[in-house]
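Participant: The structure under discussion is supplied below as structure tokens; questions concerning it will follow.
If you want it as structure tokens, here you go:
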């Protein structure tokens, strides 16, 4: 077989694209193209072409003149993590140990000269270890004595798991008794982890952006098709933990065998994949491709770009809220540029019964639970239009349940209308998205026809980001 080196020049855009993804992933915040030129030592024209391609594929997003990683950049990392623990059994056992010990517990895989964190669980309390999934921890004395910083001790134990070698790490405050205290529970946990069988990974439907429609024709030289196709191959080999052959990867990515082969050899040479007995599989370095940066986002940061885009399209304010007892609580908001506007900030609360978002969230609950929350509400009238009767509110919630959206016309404040839809994640409703608009002069039906399609489109886009974000971690509400 030919070596990877002979193909590196031909797939150079793949190398440069992955390098830029790593730099953005390490940044911890927005970067300008000039920052990438300085960091990567590439020509500005090359950086511009790579950014054009990566934004087209959804890995990066423009934020004004800056670029940031999107939750879709987590996809390859999610595939790697799913290959290790597709059913969450390893993570669940780690969480049980953390609860038992009252200490932070990490699960990692050996990666070059360190240990890459692939799962972590923290006990309750105000003190937390600032380590995220994807972080690369040092090995050697620092992992056994002063872990990360003085005052913390790590007890690291190897695990011979069915999915491959792992490292279980308990992190606690420096104390003479820590090692002796954790030894029996850690031994029991290791034995359980080693009994968990390897499972097949879930399927993945990634396809190169350039294979769909006229992207290359539209962007011309600004679209690097070899980068796009290389990313498709990278995603493809993540669909099975044991990896794919060249022919299988080509079929999964929808490419010619020779095209996929060049990408696989280059990915192997760059350290993102390994080859064993003719099969190519992901390596933990793929977690550097945006995963760590995005996994540290708040829900507000996840939602904000979608709200800004929605406001630019509809010219009305938009918000995301969650249900908090009998109230809704604002977790993200984008304000329209109007002389008259509602001053609402993140953290503001309103009674759920009197808002479109609250009725959407109540509609997603079992009927008995929704009725119980309505009964517990004070149900005062904010305006002469406010519904306050338990029966009429239950009927309004039932209508929202059937329709999949809710409209409230001047019930919270005169002159203000709102339309809302639910946001789903992992088969359940986690939040509601709304648009607030002036009540006059547009009729309610005209407002619904104008705003509901835009609202639903934004909800779908936000749900895709939430799905990528929450595949291996909870939503930070």
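Numbering (the UniProt record's numbering), first residue to last: 1 to 477. Glycine included, every Cβ here is placed at the ideal spot set by N, Cα and C.
(1) Quick check on DSSP: helix, strand or coil for residue 250?
(2) Does the beta-carbon of residue 472 have 16 or more other beta-carbons within 10 angstroms, so that it is buried, or is it exposed?
(3) Where residue 115 and residue 61 are concerned, what is the direct C-alpha to C-alpha distance, given to the nearest angstrom?
(4) Here's the rule I'm using: 16 or more other beta-carbon atoms within 10 Å means buried, otherwise exposed. How should residue 345 be labelled?
(5) Helix, strand or coil, according to DSSP, for residue 420 in the structure here?
(6) Which runs of the beta strand (DSSP E) fall wholly inside the stretch 32-109 and span at least 3 residues, in chain order?
(7) Between residue 4 and the rest of its own chain, which residues show a CB-CB distance below 7 Å, the 5 nearest in sequence each way excluded?
(8) State the start and end residues of the unbroken beta strand (DSSP E) segment that holds residue 138.
(9) With the cut-off set at 8 Å, would you say residue 107 and residue 185 are in Cβ contact?
(10) When the Cα atoms are used, what is the spatial distance from residue 52 to residue 220?
(11) In the DSSP assignment, find the alpha helix (DSSP H) that holds residue 173 and state where it starts and stops.
(12) Put residue 133 into one of helix, strand or coil per three-state DSSP.
(13) Is the beta carbon of residue 422 less than 8 Å from the beta carbon of residue 364?
(14) Flag this pair as yes or no: are the beta carbons of residue 256 and residue 236 separated by less than 8 Å?
(15) DSSP three-state call for residue 280: helix, strand or coil?
(16) Could you tell me whether the stretch 309-318 touches the stretch 285-297, where touching means 3 or more Cβ pairs closer than 8 Å?
(17) So, for residue 134: in the same chain, excluding its five sequence neighbours on each side, which residues have a beta-carbon less than 6 Å away from its beta-carbon?
(18) Could you name the residues of the same chain whose beta carbon sits closer than 8 Å to that of residue 46, not counting the 5 residues immediately before and after it, in chain order?
(19) Assign residue 443 to buried or exposed, taking buried as 16 or more other Cβ atoms, counted over all protein chains shown, within 10 Å of its Cβ.
(20) Looking only at DSSP bridge pairs, what is residue 152 linked to?
(21) Select from 297, 100, 386 and 90 the residue whose C-alpha is nearest the C-alpha of residue 500.
(22) So residue 412 is in the alpha helix (DSSP H); what residue range does that whole segment cover?
(23) Do you know offhand how far residue 415's Cα is from residue 390's?
(24) Who are residue 330's beta bridge partners in DSSP?
(25) Using DSSP with H/G/I as helix, E/B as strand and the rest coil, what is residue 479?
(26) Should the stretch 349-369 be regarded as contacting the stretch 457-476, the criterion being three or more beta carbon pairs within less than 8 Å?
(27) Counting Cβ pairs closer than 8 Å, one from the stretch 451-463 and one from the stretch 419-436, do we hit at least three?
(28) Give me whichever residues DSSP pairs with residue 161 in a beta bridge.
(29) How is residue 199 classed by DSSP in three states: helix, strand or coil?
(30) Answer with buried or exposed for residue 143, where buried requires no fewer than 16 other C-beta atoms within 10 angstroms of its C-beta.
(31) When the Cα of residue 238 is compared with those of 74, 34, 417 and 428, which residue comes out closest?
(32) The alpha helix (DSSP H) with residue 485 in it runs from where to where?
(33) From the DSSP output, in three-state form, read off residue 335 for me.
(34) Specify the secondary structure class of residue 377 as computed by DSSP and reduced to three states.
(35) Can you check whether the CB of residue 71 is closer than 8 Å to the CB of residue 48?
(36) Can you list, in chain order, the residues of its chain whose CB lies under 7 Å from that of residue 28, leaving out five sequence neighbours each side?
Facilitator: If we stick to the structure as given:
(1) Shown here, residue 250 sits in a helix according to DSSP, grouped into three states.
(2) When all chains shown are included, residue 472 counts as buried.
(3) Rounded to whole angstroms, residue 115 to residue 61 spans 30 Å at the Cα level.
(4) Exposed.
(5) The answer is strand: DSSP assigns residue 420 an E or B state.
(6) Correct list: 60-63 and 66-69.
(7) Residue placement at residue 4 is flagged as unreliable, the pLDDT there being 49, under the threshold of 50; the coordinate-derived value follows with that caveat. These residues qualify, in order along the chain: 265, 266, 268 and 269.
(8) Note, residue 138: beta strand (DSSP E), 136-138.
(9) No. Outside cutoff.
(10) Their backbone Cα atoms lie some 11 Å apart in a straight line.
(11) In the DSSP assignment, residue 173 falls outside any alpha helix (DSSP H) and within the unbroken beta strand (DSSP E) covering 164-173.
(12) Coil, per DSSP.
(13) In terms of Cβ geometry, residue 422 and residue 364 form a close pair [threshold 8 Å].
(14) Not closer than 8 Å, so no.
(15) Looking at residue 280 - three-state DSSP - the assignment turns out to be strand.
(16) Fewer than three Cβ pairs drawn from the stretch 309-318 and the stretch 285-297 lie within less than 8 Å of each other, which leaves the two stretches out of contact.
(17) Same-chain partners within the cutoff: 287, 291 and 292.
(18) These residues qualify, in order along the chain: 16.
(19) Exposed is the call here.
(20) Bridge partners of residue 152: 173.
(21) Any question about residue 500 goes unanswered here, given that the chain covers just 1 to 477.
(22) Counting along the chain, residue 412 falls outside any alpha helix (DSSP H), and DSSP gives it neither H nor E.
(23) Distance between the alpha carbons of residue 415 and residue 390: 24 Å.
(24) For residue 330, which the question treats as bridged, DSSP gives the partners 321.
(25) With the chain covering only 1 through 477, there is no way to say anything about residue 479.
(26) Between the stretch 349-369 and the stretch 457-476 there are fewer than three C-beta pairs closer than 8 Å, too few to call the two in contact.
(27) A contact is defined here as three or more CB-CB pairs under 8 Å, and the stretch 451-463 meets this definition with respect to the stretch 419-436.
(28) Residue pairing by DSSP places residue 161 opposite 164 in a beta bridge.
(29) In the three-state reduction of the DSSP assignment, residue 199 falls in the coil class.
(30) With a pLDDT of 47 at residue 143, under the threshold of 50, the modelled position of that residue is not reliable, and no figure is offered here.
(31) Nearest Cα to residue 238 within the set 74, 34, 417 and 428: 74.
(32) The structure shown does not extend to residue 485, since the chain is modelled only from 1 to 477, so the question has no answer here.
(33) Reduced to three states, the DSSP call for residue 335 is coil.
(34) In the structure shown, residue 377 falls within a coil segment according to DSSP collapsed to helix, strand and coil.
(35) Not in contact: residue 48 and residue 71 (Cβ atoms no closer than 8 Å).
(36) 293, listed in sequence order.
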